[in-house]
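The structure under discussion appears below in the form of structure tokens.
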Amino acid sequence: MSDIHMAQHEVFACLLKTLNDHIQVKYQSTQESPMDAHHLAMFIFLLALFTYATAVVVEVMLRASESIYHTHVGNIRLFAGGSAAVLLLSVLDPVLGWIISVIWVCLFVIIAYESFQELFEILCQIIDEGCHMLSRLISGRCLGEEEPNQPQV
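Numbering (the working numbering), first residue to last: 3 to 155.
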């Protein structure tokens with residue numbers, strides 16, 4: 003894994019650990035847990051954390067196979083990790099959490115739009131190549147052309 007990816011993992015780990023420590027301090031003097039007080043945020047946090055971990059594994063596999071789709075999975079990984087941090091922040095300070103959530107959603111929309119454009123271009127190229135191959139196949143059969151590798155009988 004490259005240095006930049008290791009740095010990203012370290013930043014997310016440090017951020018999540020710090021936020022988790024602050025949540026423990028905030029809730030140590032109360033009887034209710036963050037899971038009870040913010041059950042939806044904590045559920046989505048766990049979902050984002052699972053998505054982050056899954057995307058890390060998939061991204062490594064795609065990089066190993068030299069697939070071009072590893073960048074899209076990397077974007078999902080970054081979004082999931084950032085979402086996990088924002089959700090923990092919203093447990094600590096709901097107002098600040100909402101403000102940063104709005105900013106984070108805007109960034110997600112921009113990244114999703116760019117990824118969609120790239121995937122759409124790839125899909126268009128595949129369709130064009132398929133149509134070209136199909137038209138060559140149909141025109142070759144309609145004209146009765148023989149295959150160049152077929153021996154004369």
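Glycine is no exception: its CB is placed at the ideal position from the N, C-alpha and C atoms. All of these numbers come straight from a predicted model, not from anything done at the bench.
Practice item. Taking the CB atoms as reference points, tell me whether residue 79 and residue 68 lie closer together than 8 Å. Key: no
Practice item. Give me the Cβ distance between residue 82 and residue 21, rounded to the nearest whole Å; I'm assuming they're in contact under 8 Å. Key: Actually they do not touch by this definition, with Cβ atoms about 15 Å apart.
Exercise for review: Would you mind giving the Cβ-Cβ distance between residue 91 and residue 98, rounded to the nearest angstrom? I have them listed as a contact below 8 Å.
Suggested key: 6 Å
Exercise for review: Kindly list the residues whose CB is nearer than 6 Å to the CB of residue 53, restricted to its own chain and excluding five residues on each side of it in sequence; keep chain order.
Suggested key: 82
**Study point:** Boundaries (first-last residue) of the alpha helix (DSSP H) holding residue 38
**Key:** 36-39
Check your understanding: Nearest-angstrom Cα distance between residue 135 and residue 59?
Key -> 36 Å
Check your understanding: Would DSSP call residue 32 helix, strand or coil?
Key -> coil
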